[in-house]
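**Student:** Residues in the sequence shown are numbered consecutively from 41, following my numbering.
Yeah, the Cβ is synthetic: ideal placement off N, Cα and C, and Gly gets one too.
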Amino acid sequence: MATLELRGIKKRFGDFYAVDGVDLMIAEGEFLAILGPSGCGKTTLMRMIAGLEPPSAGEVLIGGVPVTHLPPRARNVSMVFQSYALYPHMSVAENIAFPLKARGMPKSERDTKVKWVVGLMGIEGLVKRKPGRLSGGEKQKVALARSLVRDPSLFIFDEPLSSLDAQVRAMARGELRQLHDRTGVTTVYVTHDQLEALGMGDRVAIMNRGQVRQLGTPQELYDDPADTFVAAFLGSPPMNLIERDNRIIGFRPEYLQPRADGSLAQGALVFKVRIMQLEFLGSEWLIYGVLEDGDGENRLLAKVDQPVASKLRSGESRDFVVERSCLRFFDKTTGLRIAPSAAKLTQ
Ligand code: ATP
Numbered sequence: 041m042a043t044l045e046l047r048g049i050k051k052r053f054g055d056f057y058a059v060d061g062v063d064l065m066i067a068e069g070e071f072l073a074i075l076g077p078s079g080c081g082k083t084t085l086m087r088m089i090a091g092l093e094p095p096s097a098g099e100v101l102i103g104g105v106p107v108t109h110l111p112p113r114a115r116n117v118s119m120v121f122q123s124y125a126l127y128p129h130m131s132v133a134e135n136i137a138f139p140l141k142a143r144g145m146p147k148s149e150r151d152t153k154v155k156w157v158v159g160l161m162g163i164e165g166l167v168k169r170k171p172g173r174l175s176g177g178e179k180q181k182v183a184l185a186r187s188l189v190r191d192p193s194l195f196i197f198d199e200p201l202s203s204l205d206a207q208v209r210a211m212a213r214g215e216l217r218q219l220h221d222r223t224g225v226t227t228v229y230v231t232h233d234q235l236e237a238l239g240m241g242d243r244v245a246i247m248n249r250g251q252v253r254q255l256g257t258p259q260e261l262y263d264d265p266a267d268t269f270v271a272a273f274l275g276s277p278p279m280n281l282i283e284r285d286n287r288i289i290g291f292r293p294e295y296l297q298p299r300a301d302g303s304l305a306q307g308a309l310v311f312k313v314r315i316m317q318l319e320f321l322g323s324e325w326l327i328y329g330v331l332e333d334g335d336g337e338n339r340l341l342a343k344v345d346q347p348v349a350s351k352l353r354s355g356e357s358r359d360f361v362v363e364r365s366c367l368r369f370f371d372k373t374t375g376l377r378i379a380p381s382a383a384k385l386t387q
């Protein structure tokens with residue numbers, strides 16, 4: 041277990057910055073998820089932490105010790121990728137013991153460690169099998185066991201679950217997080233899947249174009265996005281963003297609801313919406329609408345419960361309402377969040 045600190049990390053390929061000045065402090069035992077679209081620099085950043093890629097600028101510190109110029113083996117970082125890279129001719133037990141053997145650990149000690157990690161991962165029944173006879177989820181567990189047996193100070197996961205199918209993936213997500221809670225190894229987990237990042241991370245760093253756009257708890261990022269990129273990137277579907285009074289107003293689809301009879305709460309915003317389509321999501325409905333007032337064609341999304349949806353029809357126009365407390369305001373030019381007091385609204 042150790043802290044991880046990144047100071048002004050940059051990586052330049054030619055005249056392109058894949059990572060463009062990242063500062064992060066990750067606490068001992070923390071699970072930090074790094075979330076961002078494809079090509080935003082996640083893997084490059086992880087490779088610099090692991091020592092597989094030298095940074096063009098900046099410093100990496102593990103446990104407070106500068107490791108920027110140390111080779112990977114001197115960092116005690118364990119990196120788990122999407123591909124498991126298990127040795128096909130070795131049994132599961134041999135695969136797990138391999139890094140210990142390479143280190144010259146005596147057999148009895150190796151056996152004890154393998155037994156411990158196999159128990160921890162709940163894969164006792166697999167130890168004699170060869171990787172060719174394992175499912176994707178099982179291979180992933182073996183790869184994890186092999187990483188864990190080395191007692192790493194830091195775990196780096198780079199999209200480790202992306203080759204699993206949706207159901208196994210949801211299970212693996214839970215198991216991985218529980219494993220972290222049992223071992224307490226400081227973890228950086230890279231993904232472009234927001235369910236993974238929000239569900240697993242103690243904190244999440246949202247990256248775009250080589251920079252961290254926001255760092256916070258999943259709830260902070262969801263409720264209080266720092267800019268329109270984060271607002272539009274997080275949430276499924278993402279936050280509605282519309283232009284009004286020279287500013288961008290954001291609100292989550294679940295806060296946009298058909299106007300009920302009776303008086304309106306103070307400060308609530310009313311939108312006249314033409315309903316284009318209703319989509320069944322299982323536990324709720326997604327309403328695709330177009331804003332009828334205002335300039336241009338603004339599309340809006342609302343998430344409503346079944347009883348509410350049953351009263352709505354495609355093609356009709358309805359008033360929808362958002363409470364004032366659910367509105368977020370952003371600068372039209374920079375996309376950065378602005379204080380509600382600075383955002384006077386006209387109905
Ligand atoms: P993904 O989720 O698709 O894996 P990522 O966020 O991990 O993406 P990186 O692999 O870190 O992104 O790549 C970031 C950017 O740097 C990309 O535009 C990529 O093309 C570029 N890049 C990565 N490695 C190199 C390299 N060795 N030479 C030149 N450009 C590179």
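Mind checking Asn-286: buried by the 16 CB within 10 Å criterion, or exposed?
**Tutor:** Here residue 286 is taken as the residue at index 246 of the sequence shown, counted from 1. That one is exposed.
**Student:** Can you tell me whether DSSP reads Lys-372 as helix, strand or coil?
**Tutor:** Position 332 of the sequence shown holds residue 372. Of the three classes helix, strand and coil, the one that applies to Lys-372 here is coil, per DSSP.
**Student:** How about Ala-212 and Gly-165: do their beta carbons lie closer than 8 angstroms?
**Tutor:** Here residue 212 corresponds to residue number 172 of the sequence shown, with the count starting at 1. Here residue 165 corresponds to residue number 125 of the sequence shown, with the count starting at 1. Taking 8 angstroms as the Cβ cut-off, Ala-212 and Gly-165 do not qualify as a contacting pair.
**Student:** State the beta-bridge partners of Lys-312 as determined by DSSP.
**Tutor:** Position 272 of the sequence shown, counted from the start, is the residue given in the question as residue 312. According to DSSP, Lys-312 bridges with Asp-359.
**Student:** Would Gly-239 pass as a contact of Cys-80 if the rule is Cβ separation under 8 angstroms?
**Tutor:** Position 199 of the sequence shown holds residue 239. Position 40 of the sequence shown holds residue 80. No; because the gap between Cβ atoms is not below 8 angstroms, this pair is not in contact.
**Student:** DSSP three-state label for Ile-163, please.
**Tutor:** Indexing the sequence shown from 1 puts residue 163 at position 123. Looking at Ile-163 - three-state DSSP - the assignment turns out to be coil, as it is neither helix nor strand.
**Student:** Are Leu-309 and Val-362 closer than 8 angstroms when you measure CB to CB?
**Tutor:** Reading the sequence shown from its first residue, position 269 is the one you call residue 309. Reading the sequence shown from its first residue, position 322 is the one you call residue 362. Cβ distance < 8 angstroms, so Leu-309 and Val-362 count as in contact.
**Student:** Take Thr-226 as the anchor and find which of Ser-203, Ala-183, Leu-216 and His-232 has the nearest alpha-carbon.
**Tutor:** Indexing the sequence shown from 1 puts residue 226 at position 186. Closest option to Thr-226, Cα to Cα, is Leu-216.
**Student:** Assign Thr-83 to one of two classes, buried (16 or more other C-beta atoms within 10 Å of its C-beta) or exposed (fewer than that).
**Tutor:** Within the sequence shown, the letter at position 43 stands for residue 83. Classification for Thr-83: buried.
**Student:** Among Val-313, Leu-321 and Leu-326, which one has its Cα closest to the Cα of Asp-333?
**Tutor:** Mapped onto the sequence shown, residue 333 falls at position 293. Asp-333 has its Cα closest to that of Val-313, out of Val-313, Leu-321 and Leu-326.
**Student:** Roughly how far, in whole angstroms, is the beta-carbon of Leu-261 from the beta-carbon of Val-244, given that I think they are within contact range, below 8 angstroms?
**Tutor:** Taking the first residue of the sequence shown as 1, we reach residue 261 at position 221. Taking the first residue of the sequence shown as 1, we reach residue 244 at position 204. Their Cβ separation, rounded to whole angstroms, is 6 angstroms, which keeps Leu-261 and Val-244 in contact under 8 angstroms.
**Student:** Going by DSSP, name the residue or residues bridged to Thr-227.
**Tutor:** Numbered from 1 along the sequence shown, position 187 holds the residue referred to as residue 227. Looking at the DSSP assignment, Thr-227 forms a beta bridge with Phe-71 and Phe-195.
**Student:** Given a cut-off of 8 angstroms, decide if Lys-147 and Met-161 are closer than it, judged by their beta-carbon atoms.
**Tutor:** As a position in the sequence shown, residue 161 is number 121, starting the count at 1. As a position in the sequence shown, residue 147 is number 107, starting the count at 1. Contact: no.
**Student:** Do you know offhand how far Arg-368's Cα is from Arg-169's?
**Tutor:** Reading the sequence shown from its first residue, position 328 is the one you call residue 368. Reading the sequence shown from its first residue, position 129 is the one you call residue 169. Near 54 angstroms, if we compare the C-alpha coordinates of Arg-169 and Arg-368.
**Student:** Where do the N-terminal and C-terminal ends of the beta strand (DSSP E) with Met-130 fall, by residue?
**Tutor:** To locate residue 130, count along the sequence shown from 1; it is residue 90. Run containing Met-130: none; DSSP gives neither H nor E here.
**Student:** In whole angstroms, what separates the C-alpha of Asp-63 from that of Ala-272?
**Tutor:** Residue 63 sits at position 23 when you count from the first residue of the sequence shown. Residue 272 sits at position 232 when you count from the first residue of the sequence shown. Computed Cα separation, rounded: 23 angstroms.
**Student:** Output the distance between the C-alpha atoms of Tyr-57 and Pro-171, rounded to the nearest integer angstrom.
**Tutor:** Your numbering for residue 57 matches position 17 in the sequence shown. Your numbering for residue 171 matches position 131 in the sequence shown. Using only the alpha carbons, I get a separation of about 39 angstroms.
**Student:** Under a three-way DSSP split, which group does Met-240 fall into?
**Tutor:** Taking the first residue of the sequence shown as position 1, residue 240 is located at position 200. Three-state result, Met-240: helix.
**Student:** Excluding the 5 residues flanking Tyr-295 on each side, which residues of the same chain have their C-beta closer than 8 angstroms to its C-beta?
**Tutor:** The count along the sequence shown starts at 1 and reaches residue 295 at position 255. Cβ within range, chain order: Val-362, Glu-363 and Cys-366.
**Student:** If you scan the region 169 to 216 from start to end, which runs of the alpha helix (DSSP H) of 4 or more residues do you find wholly inside it?
**Tutor:** Counting only runs of 4 or more, we get 176 to 188.
**Student:** In the DSSP output, which residue or residues are listed as bridge partners for Ser-118?
**Tutor:** Looking up residue 118 in the sequence shown gives position 78. Its beta-bridge partners are Phe-195.
**Student:** Could you check how far apart the C-beta atoms of Asp-359 and Arg-292 are, in whole angstroms? I think they sit under 8 angstroms.
**Tutor:** In the sequence shown, residue 359 corresponds to position 319, counting from 1. In the sequence shown, residue 292 corresponds to position 252, counting from 1. Contact flag wrong, Cβ pair sits at about 18 angstroms.
**Student:** I believe Gly-290 touches Phe-197 by the beta-carbon criterion, under 8 angstroms. Please report the beta-carbon distance rounded to the nearest angstrom.
**Tutor:** Here residue 290 corresponds to residue number 250 of the sequence shown, with the count starting at 1. Here residue 197 corresponds to residue number 157 of the sequence shown, with the count starting at 1. No, Gly-290 and Phe-197 are not in contact; Cβ-Cβ is about 31 angstroms, not under 8 angstroms.
**Student:** Could you check how far apart the C-beta atoms of Asp-267 and Arg-253 are, in whole angstroms? I think they sit under 8 angstroms.
**Tutor:** Start at 1 with the first residue of the sequence shown, and residue 267 comes out as number 227. Start at 1 with the first residue of the sequence shown, and residue 253 comes out as number 213. Going by Cβ atoms, the distance from Asp-267 to Arg-253 rounds to 6 angstroms, so yes, they are a contact pair.
**Student:** Leaving out the 5 sequence neighbours to the left and right, which residues in its chain are closer than 8 angstroms to Pro-192 when beta-carbon positions are compared?
**Tutor:** For this step, residue 192 is matched to residue 152 along the sequence shown. Excluding residues within five positions, the ones whose Cβ falls inside 8 angstroms are Asn-116, Val-117, Ser-118 and Val-225.
**Student:** Go through its chain and collect everything with a Cβ distance to Arg-150's Cβ below 8 angstroms, but skip five positions before and after it.
**Tutor:** In the sequence shown, counting from the first residue as 1, residue 150 sits at position 110. Around Arg-150: Ala-137, Leu-140 and Lys-141.
**Student:** Which one of Gly-91, Phe-121 and Tyr-124 has the shortest CA to CA distance from Thr-108?
**Tutor:** The count along the sequence shown starts at 1 and reaches residue 108 at position 68. The option with the nearest alpha carbon to Thr-108 is Gly-91.
**Student:** So if I measure from each beta-carbon to every heavy atom of the ligand ATP and keep distances below 6 angstroms, which residues remain?
**Tutor:** For the ligand ATP, the selected residues are Phe-53, Ala-58, Gly-76, Ser-78, Gly-79, Cys-80, Gly-81, Lys-82, Thr-83, Thr-84 and His-232.
**Student:** Kindly indicate the opening and closing residues of the beta strand (DSSP E) around Leu-341.
**Tutor:** As a working mapping, residue 341 is identified with position 301 in the sequence shown. Per DSSP, Leu-341 belongs to the beta strand (DSSP E) from 339 to 344.
**Student:** Compare the C-alpha of Leu-75 against each of Gln-306, Gln-297 and Gly-256 and name the closest.
**Tutor:** Counting from 1 along the sequence shown, the entry for residue 75 is found at position 35. Nearest C-alpha to Leu-75: Gly-256.
**Student:** In chain order, what residues of the same chain have a beta carbon less than 8 angstroms from the beta carbon of Tyr-127, not counting five sequence neighbours either side?
**Tutor:** As a first step, residue 127 is located in the sequence shown; it is residue number 87 there, counting from the start. Cβ within range, chain order: Glu-134, Asn-135, Phe-138 and Pro-171.
**Student:** Could you please give the first and the last residue of the uninterrupted beta strand (DSSP E) stretch that includes Lys-351?
**Tutor:** Here residue 351 refers to the residue found at position 311 when the sequence shown is read from its first residue. Segment: none, Lys-351 is in no beta strand (DSSP E) and carries neither H nor E.
**Student:** At which residues does the alpha helix (DSSP H) containing Gln-306 begin and terminate?
**Tutor:** The residue you call residue 306 lines up with position 266 of the sequence shown. Premise fails: Gln-306 is in no alpha helix (DSSP H) and is neither H nor E.
**Student:** According to DSSP, Ala-97 sits in a beta bridge with which residue or residues?
**Tutor:** In the sequence shown, the residue the question calls residue 97 occupies position 57. The partner list for Ala-97 (beta bridge, DSSP) reads Lys-50.
**Student:** State the CB to CB distance for the pair Leu-281 and Gln-234, rounded to an integer number of angstroms; the pair is presumed to be in contact (CB under 8 angstroms).
**Tutor:** If you number the sequence shown from 1, residue 281 lands on position 241. If you number the sequence shown from 1, residue 234 lands on position 194. Actually they do not touch by this definition, with Cβ atoms about 17 angstroms apart.
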